[in-house]
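Participant:
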Amino acid sequence: MFGTSMNAELDPKLNEIRRNTREDNDVETIREEVKDRIEENQVRQKKYYDQNRKPARTYKEGDLVKITKVAFNNDGKSKKLLPSYIGPYRVVKILGNDRYRLAAIPGLTGSKNKRKTTVAADRMLPWVHIAALEVHSDSNNEDNIGYVDLDDDEDKSDEIDN
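Taking full-length UniProt numbering, I'd label the letters of the sequence shown as residues 1 to 162.
(1) Are at least three pairs of beta-carbons, each pair with one atom in the region 68–78 and one in the region 35–44, less than 8 Å apart?
(2) Hey, how far is the Cα of G87 from the Cα of G62?
(3) Need the endpoints of the alpha helix (DSSP H) that K47 sits in, please.
(4) Is DSSP giving D158 helix, strand or coil here?
(5) Tell me which residue opens and which closes the beta strand (DSSP E) that A103 is part of.
(6) By how many angstroms is the C-alpha of H129 removed from the C-alpha of A121?
(7) Taking the alpha-carbon positions, what's the R53 to N97 distance?
(8) Given L125, which residues of its chain have a CB within under 6 Å of its CB, disregarding the five upstream and five downstream residues?
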């Protein structure tokens with residue numbers, strides 16, 4: 001092209017080399033070898049993946065949980081300061097493979113989606129009840145504020161001095 005003659009001496013040699021390699025190796029043996037290598041690599045990769053993997057947390061029906069926010073509607077605000085979890089949601093049904101069916105709690109859930117949703121356990125955290133503030137009147141200090149835990153098992157109040 002453009003006045004230069006092409007050197008075609010390599011083309012027959014390359015075709016012959018390619019033909020010889022195909023004849024020497026049977027296609028079925030190549031497929032078996034590739035299959036074996038893929039299986040070996042999958043086993044090795046699974047071992048590395050499971051090495052530091054913790055088992056998923058389990059939840060019961062009726063538990064309150066919060067879920068990670070997938071899409072941020074930041075309206076020009078920094079995602080750094082936005083909450084990364086929304087909730088609370090109630091566990092309605094336990095599905096297989098660490099999946100849970102959740103229902104939004106009307107009036108409490110920060111999401112506009114009030115329907116039921118399915119979420120994986122790795123995207124959920126237990127909902128921690130917000131402690132109710134109780135003002136303790138003390139003769140020495142009127143500003144003592146104690147936090148009352150809503151669970152019966154734990155301490156009823158922990159006073160914090162300001």
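The beta-carbon is built from N, C-alpha and C at its ideal position, and this holds for glycine as well. Source: prediction; values computed, not measured.
Facilitator: Let me lay it out:
(1) no
(2) To locate residue 87, count along the sequence shown from 1; it is residue 87. To locate residue 62, count along the sequence shown from 1; it is residue 62. Their Cα atoms are separated by approximately 14 Å.
(3) Numbered from its first residue, the sequence shown carries residue 47 at position 47. Unbroken alpha helix (DSSP H) run through K47: V27 to Q51.
(4) Working through the sequence shown from its first residue, we reach residue 158 at position 158. In this predicted model, D158 has a pLDDT of only 44, less than 50, meaning its place in the structure is not dependable; the value taken from the coordinates is given anyway. In this structure, D158 counts as strand in the three-state DSSP scheme.
(5) Taking the first residue of the sequence shown as position 1, residue 103 is located at position 103. Start and end: R99 to A104.
(6) One-based indexing of the sequence shown puts residue 121 at position 121. One-based indexing of the sequence shown puts residue 129 at position 129. Looking at the two C-alpha atoms, the distance is approximately 19 Å.
(7) Indexing the sequence shown from 1 puts residue 53 at position 53. Indexing the sequence shown from 1 puts residue 97 at position 97. Approximately 15 Å between the Cα atoms of the pair.
(8) Taking the first residue of the sequence shown as position 1, residue 125 is located at position 125. Only K66 meet the Cβ criterion.
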